[in-house]
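J.: Sharing a structure with you now.
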Amino acid sequence: MNISADVMSQNRTSPSWKSRLSQWLPPVILLRYRRWRTKFRWEGPFSSWEDASAHATGYSDPRILERLLESARAVSTGAATYERDGVLFHRTEYSWPVVAGLMKAAATDRKALSVMDIGGSLGTSYVQNRRFLEDYKRLRWSVVEQPHIAQAGKAEFEDGRLHFYDSIEACLKKERPNVVLLSSVLSYLADPYALIRRIQEFGPAWIIVDLTLVHDGDKDKVMVQHVAKSIYEASYPCWLFSYDALDSALRRSYTLVEAFEPFTDPVFSFGVRSLRFQGFILRRSSR
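Numbered according to this note's numbering, the sequence shown spans residues 22 to 308.
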């Protein structure tokens, strides 16, 4: 089943679909929906992560890192304000719930903020939101990434606040994070629940989850996500989480402070009931 193809088929057979959509969606949300719809499509579901991986190219293509480096360099030279997934933005779209969660974490820890940003690319979320964090004198942002990305980040973009590590263990040897940020990463791990348990074991005060695809069904679905050629040609296995399953896993030894839907896209079915981006802000429960 190809979700994007299903949607386009519905459009062709129902000429008034777009006009109805534009009538009830605010213009800014409609624009973001159109932008998102053309970036990605999903194929599946597959029977297992291994099965989906066999139908995807994965992350090994060196062109992916080249695109990320090219975009990050453009940001560092001022040619763009920030990038995400290799796409340049010339006007910052802040992740306001993430900013609020980070500021709340700092306020409860004597204005100290040490973030472990797992899967944080070359510092995307740091660059995106740093305007609201840069006045903290005790700010450290530690990106944990695949070794080749961490090495590239360390060589070109590391500074007194932004640091790169190739594993959680390497990060914990030098850093004491009070926040773990999981932005658009859980969906792309073979065993995301193992990562959640590992984070809960070392017990940061806060966990912030952002831009994670969920649906209202009772089971997680394994899909293949295809990236538009205009970004870089690639496909990855990914999870579309059951909201209830993910919510339950995150609350183990943590209390939900807020669940939010990032205003990057509205809710649509796409063949999966209420597929949407979801975020969570959680605080470690009292021991």
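Glycine residues also receive a C-beta, built at the ideal position from the N, C-alpha and C atoms. Keep in mind the model is a prediction, meaning the values are calculated, not measured.
If you follow the alpha helix (DSSP H) that I252 is part of, which residue opens it and which one closes it?
T.: From DSSP, I252 is part of no alpha helix (DSSP H); its letter is neither H nor E.
J.: Do the segment 109 to 127 and the segment 135 to 150 meet, that is, are 3 or more Cβ pairs less than 8 Å apart?
T.: Yes, since at least three Cβ pairs between the segment 109 to 127 and the segment 135 to 150 fall closer than 8 Å, the two stretches touch.
J.: List in chain order: all unbroken beta strand (DSSP E) runs of 3+ residues lying wholly within the segment 156 to 199.
T.: For the segment 156 to 199, whole beta strand (DSSP E) runs of length 3 or above, ordered along the chain, are 159 to 165 and 183 to 186.
J.: On the criterion of 16 or more Cβ atoms from any shown chain inside 10 Å, does M244 qualify as buried, or is it exposed?
T.: That one is buried.
J.: Please report the distance separating the alpha-carbon of D187 from that of E166.
T.: Each residue's Cα considered, the two are about 5 Å apart.
J.: For E282, which residues in the same chain have their Cβ closer than 8 Å to its Cβ, ignoring the five residues on either side in sequence?
T.: The residues are V288, R297, F298, Q299 and G300.
J.: Do the CB positions of Y253 and R62 come within less than 7 Å of each other?
T.: In this structure, R62 does not lie closer than 7 Å to Y253 by Cβ.
J.: Work out the CA separation of L86 and V136 for me, nearest whole Å.
T.: About 23 Å.
J.: Between S307 and G224, what straight-line distance do the alpha-carbon atoms span, to the nearest angstrom?
T.: Distance between the alpha carbons of S307 and G224: 11 Å.
J.: Taking the C-alpha atoms as reference points, what is the distance between G65 and A280?
T.: About 27 Å.
J.: Tell whether a beta-carbon distance below 7 Å holds between G181 and L143.
T.: It is not a contact, given that the beta carbons lie outside the stated cut-off.
J.: Could you give the residue range of the alpha helix (DSSP H) that holds L86?
T.: Looking at the DSSP string, the run of the alpha helix (DSSP H) that includes L86 is P83 to S97.
J.: Using three-state DSSP, classify D268 as helix, strand or coil.
T.: Of the three classes helix, strand and coil, the one that applies to D268 here is helix, per DSSP.
J.: Bridge partners for R62 per DSSP, in chain order?
T.: DSSP output for R62 lists H247 as bridge partner(s).
J.: May I ask you to report which of helix, strand or coil DSSP gives G224?
T.: Coil.
J.: Tell me whether R305 sits in a helix, a strand or coil according to DSSP, three-state version.
T.: DSSP places R305 in strand when its eight states are reduced to three.
J.: Applying the criterion that 16 or more other CB atoms from any shown protein chain within 10 Å of the CB defines a buried residue, is L134 buried or exposed?
T.: Its Cβ being crowded by 16 or more others within 10 Å, L134 is buried.
J.: Taking the CB atoms as reference points, tell me whether Y157 and A126 lie closer together than 7 Å.
T.: The answer is no: Cβ separation not under 7 Å.
J.: Can you check which of these residues, P83, S69 and Y257, is closest to A168 by C-alpha distance?
T.: For clarity, residue 168 is Pro in the given sequence; the question names Ala instead. Comparing Cα positions, the closest option is P83.
J.: Under 7 Å, Cβ to Cβ, is there at least one residue of chain D near I189?
T.: The chain labelled as chain D is not found in the depicted structure, where only one protein chain is given.
J.: Do L261 and V230 count as a contact pair if the criterion is CB distance below 7 Å?
T.: Their beta carbons are not under 7 Å apart, which means V230 does not touch L261 by this criterion.
J.: Please classify S208: does DSSP put it in a helix, a strand, or coil?
T.: S208: helix per DSSP, three-state reduction.
J.: For a test of the three-state rule: what should DSSP assign to Y214, helix, strand or coil?
T.: Y214: helix per DSSP, three-state reduction.
J.: Tell me the rounded alpha-carbon separation between E71 and R131.
T.: Roughly 45 Å separates the two Cα atoms.
J.: Based on Cα-Cα distance, which residue from A171, T102 and E177 lies nearest to I189?
T.: Ranking the options by Cα distance to I189, first place goes to A171.
J.: Skipping 5 residues on each side, what residues in its chain have a beta carbon closer than 6 Å to that of L183?
T.: The answer, listed in chain order, is G144, Y147 and W162.
J.: Can you name the start and end residues of the beta strand (DSSP E) that T312 belongs to?
T.: This structure leaves residue 312 out entirely; the chain is present only between 22 and 308.
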